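J.: What follows is a single structure, and I will ask about it in a moment.
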Amino acid sequence: MFSSPAYAQAAGAAGTSTSSTIFFVGQFVLIGLIFYFLIIRPQQKRAREHRALIDAVKKGDQVVTAGGMIGRVTKTDENEVEVEIAPNVRVRVIKGTLTEVRTVGTKPAND
1 MFSSPAYAQA AGAAGTSTSS TIFFVGQFVL IGLIFYFLII RPQQKRAREH
51 RALIDAVKKG DQVVTAGGMI GRVTKTDENE VEVEIAPNVR VRVIKGTLTE
101 VRTVGTKPAN D
């Protein structure tokens, strides 16, 4: 009639299946290594540098908080710092919210 009978074909060689599986797993490993070296490793390095910067905060340093407030450190504790943001206006902030530490001691060119 109009259609021909369909027959099942024999499976391919076993070596072809194994090599395609190794290639497939190899692609995932390669993508994982690329993500590690381009994304994860630099992020960990920046986090370590930021942690060292925060741990080195001392009295007299000028700091910037995550909220954008700039002030001078008047007192440090293990987890908190007291920052003077205006004359006789002091706030306590958690060390983890500090985004930048500017050490005082160098004068600007105009002063």
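Take the sequence shown: its position 73, counted from the start at 1, is 73 in the working numbering, and no numbers get skipped. We treat Cβ as the ideally placed atom computed from N, Cα and C, and that holds for glycine. All of these numbers come straight from a predicted model, not from anything done at the bench.
(1) Have a look at the DSSP bridge pairing and note the partners of I94.
(2) What is the residue span of the beta strand (DSSP E) that Q62 lies within?
(3) In angstroms with no decimal places, state the Cα-to-Cα distance between R102 and A66.
(4) Could you compute how far the alpha carbon of F37 sits from the alpha carbon of Q9?
(5) Is DSSP giving T18 helix, strand or coil here?
(6) What's the C-alpha gap between N88 and G68?
(7) Can you grab the Cα-Cα spacing for the pair R51 / I31, in whole Å?
(8) Just to confirm, are G74 and V57 a CB contact at a threshold of 8 angstroms?
(9) Report the residue from R41, E49 and S4 whose alpha carbon sits nearest the alpha carbon of E100.
(10) From G15 to I22, what distance separates their C-alpha atoms?
(11) Do R92 and the ligand ADP come close, with the Cβ less than 7 angstroms from some heavy atom?
T.: For this structure:
(1) DSSP output for I94 lists E80 as bridge partner(s).
(2) Per DSSP, Q62 belongs to the beta strand (DSSP E) from Q62 to T65.
(3) Looking at the two C-alpha atoms, the distance is approximately 14 angstroms.
(4) C-alpha separation (whole angstroms): 45 angstroms.
(5) It is helical.
(6) Their Cα atoms are separated by approximately 19 angstroms.
(7) I31 has its alpha-carbon roughly 29 angstroms from the corresponding atom of R51.
(8) With the sequence shown as reference, residue 74 is identified as Thr, and Gly is not the correct amino acid for it. In this structure, V57 does not lie closer than 8 angstroms to T74 by Cβ.
(9) Comparing alpha carbon positions, the residue from R41, E49 and S4 closest to E100 is E49.
(10) Annotation note: pLDDT 49 at G15 (below 50); position unreliable, coordinate value reported separately. Cα to Cα, G15 sits roughly 11 angstroms from I22.
(11) Ligands displayed in this structure: none; no statement on the ligand ADP is therefore possible.
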